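Right, one structure below, let's go through it.
Numbering (the numbering used here), first residue to last: 1 to 375.
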């Protein structure tokens, strides 16, 4: 064994122990078999050097053996998830990332703490998607704790990753993610304003939509209705607006002739995103219009980046025309790039005019073709 930069006291102690003459230099080299022989022959430690070290410093840990034991403990902790993924291949990538990113180790600390956490996680994920169950009820049933899936809890953090993988939502709020897999958080406060949907005779939500359409009235749907009792949707063109005034104007002017219309009412919440995603899955053609201001651009970016949406009179060429025809208020705030049209933000910066949907209602209403069978 070699010790570099040994102190004079260390060199002197070794030389006296081994009975050798002092040597020059700062590097100290010691033969462990020689030390072992001296301890045995002198009677200081008849069992030799290993016994002496244990007597002086305590048990010796075999690092390789310890590392192997820790790895085995982590494998035991992950075993319930591994068994689940064998029957749920759609979770394979999530499971691999969970192993690689160290999130479980950061949340649990030790494999002993991780074992019950991952067992709960496997039970939770095995029950996804749910059929419109409240979050607390779902948590109590699967994890035996009504608050186990509250935001900030380790189990909730891990389960949300699995839910996002199942729903295909890499970037989404926890409310939106849970709703996408049929688990409801505060399921009646998140709503979406709609108008003109034909509905269907097979679900209560569908029958309500049909009744309101026949009356020429808009209808507000809750996230609970969309998840627990979803209407049957078809591949129909759907217009999306940012402001409720577009919906009320369409109801006043078009009535039952209005095609399906969805209002985000500003930044789209969980109910809005859930309905739009269900429409996209049904093959509906989605097109969007919003306010020509920086907030409107950011709202639209959410939709264009997460859904197959096309712009509806919402591009640079349209902005230049309407800004000239409908001078609005001065455009203020922090600029944002429009992900669907790289020319829009420069045009808005150049003209510095804010154009809200209220200013272009006539053109938007003219764009809404009569719903088939309404004439």
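For each residue, glycine too, the CB sits at the ideal point set by N, CA and C. Please read all numbers here as calculations on a predicted model, not as lab measurements.
Open item on the list: Which same chain residues end up closer than 6 Å to residue 108 when comparing Cβ atoms and leaving out the 5 residues on each side of it in sequence?
Closed with: Residue numbering aside, residue 108 sits at position 108 when the chain shown is read from its first letter. Around residue 108: 114 and 117.
Open item on the list: For a minimum of 3 consecutive residues, which ranges assigned as the beta strand (DSSP E) are wholly contained in the segment 209 to 252?
Closed with: 219 to 222 and 237 to 241
TODO: State the beta-bridge partners of residue 66 as determined by DSSP.
DONE: In the chain shown, the residue the question calls residue 66 occupies position 66. Note: residue 66 sits in no beta bridge, so no partner.
Open item on the list: Need the endpoints of the alpha helix (DSSP H) that residue 103 sits in, please.
Closed with: Taking the first residue of the chain shown as 1, we reach residue 103 at position 103. Residues 103 to 108.
- [ ] Measure how close the beta-carbons of residue 239 and residue 259 come, nearest whole angstrom, since I'm counting them as under 8 Å.
- [x] Taking the chain shown and counting its residues from 1, the one referred to as residue 239 is at position 239. Taking the chain shown and counting its residues from 1, the one referred to as residue 259 is at position 259. Confirmed, Cβ separation roughly 7 Å.
Task: Nearest-angstrom Cα separation, counted from residue 137 out to residue 334 - done: By 1-based counting over the chain shown, the position of residue 334 is 334. By 1-based counting over the chain shown, the position of residue 137 is 137. Approximately 42 Å between the Cα atoms of the pair.
TODO: May I ask you to check if the CB of residue 194 is nearer than 7 Å to at least one heavy atom of the ligand MN?
DONE: With respect to the ligand MN, the structure offers nothing, as it holds no ligand at all.
Task: Cβ-based burial, residue 273 [other Cβ within 10 Å; buried from 16] - done: Indexing the chain shown from 1 puts residue 273 at position 273. Counting Cβ neighbours within 10 Å, residue 273 comes out buried, since at least 16 surround it.
Open item on the list: Which residue marks the beginning of the alpha helix (DSSP H) containing residue 135, and which one marks its end?
Closed with: Along the chain shown, one-based indexing puts residue 135 at 135. Start and end: 135 to 143.
- [ ] Let me know if residue 243 comes out buried or exposed under the rule of 16 or more other beta-carbons within 10 Å of its beta-carbon.
- [x] Counting from one through the chain shown, the residue named residue 243 turns up at place 243. Buried, since its Cβ has 16 or more Cβ neighbours within 10 Å.
Task: Range covered by the beta strand (DSSP E) that runs through residue 193 - done: Within the chain shown, residue 193 is the residue found at index 193, counting from 1. Counting along the chain, the beta strand (DSSP E) containing residue 193 begins and ends at 191 to 195.
TODO: Give me the Cα-Cα distance between residue 33 and residue 72, rounded to the nearest whole angstrom.
DONE: On the chain shown, position 33 is the one that residue 33 refers to. On the chain shown, position 72 is the one that residue 72 refers to. Whole-angstrom Cα-Cα distance: 34 Å.
Open item on the list: Going by DSSP in three states, residue 304 sits in which element: helix, strand or coil?
Closed with: Against the chain shown, residue 304 aligns to sequence position 304. Residue state, collapsed to three classes: helix.
TODO: Determine the direct distance from the alpha carbon of residue 356 to that of residue 292, and round the result to whole angstroms.
DONE: Looking up residue 292 in the chain shown gives position 292. Looking up residue 356 in the chain shown gives position 356. So the alpha carbons of these two residues sit roughly 6 Å apart.
Task: Residue from 46, 3 and 208 with nearest C-alpha to residue 30 - done: Counting from 1 along the chain shown, the entry for residue 30 is found at position 30. The residue with the shortest Cα to Cα distance from residue 30 is 3.
Task: Cutoff 8 Å; reference residue 245; Cβ partners in own chain excluding five residues on either side - done: Residue numbering aside, residue 245 sits at position 245 when the chain shown is read from its first letter. Excluding positions up to five away in sequence, the list reads 357, 358 and 361.
Task: DSSP three-state assignment for residue 21, whether helix, strand or coil - done: Here residue 21 is taken as the residue at index 21 of the chain shown, counted from 1. The answer is coil: DSSP assigns residue 21 none of H, G, I, E or B.
TODO: Provide the residue(s) that pair with residue 376 in DSSP beta bridges, ordered along the chain.
DONE: Only positions 1 to 375 of the chain appear in this structure, which leaves residue 376 out of reach.
Open item on the list: According to DSSP, is residue 330 part of a helix, a strand, or is it coil?
Closed with: Here residue 330 refers to the residue found at position 330 of the chain shown. Strand.
Task: Nearest-angstrom beta carbon gap, residue 303 and residue 288 [assumed within contact, 8 Å] - done: Residue 288 sits at position 288 when you count from the first residue of the chain shown. Residue 303 sits at position 303 when you count from the first residue of the chain shown. Their Cβ separation, rounded to whole angstroms, is 6 Å, which keeps residue 288 and residue 303 in contact under 8 Å.
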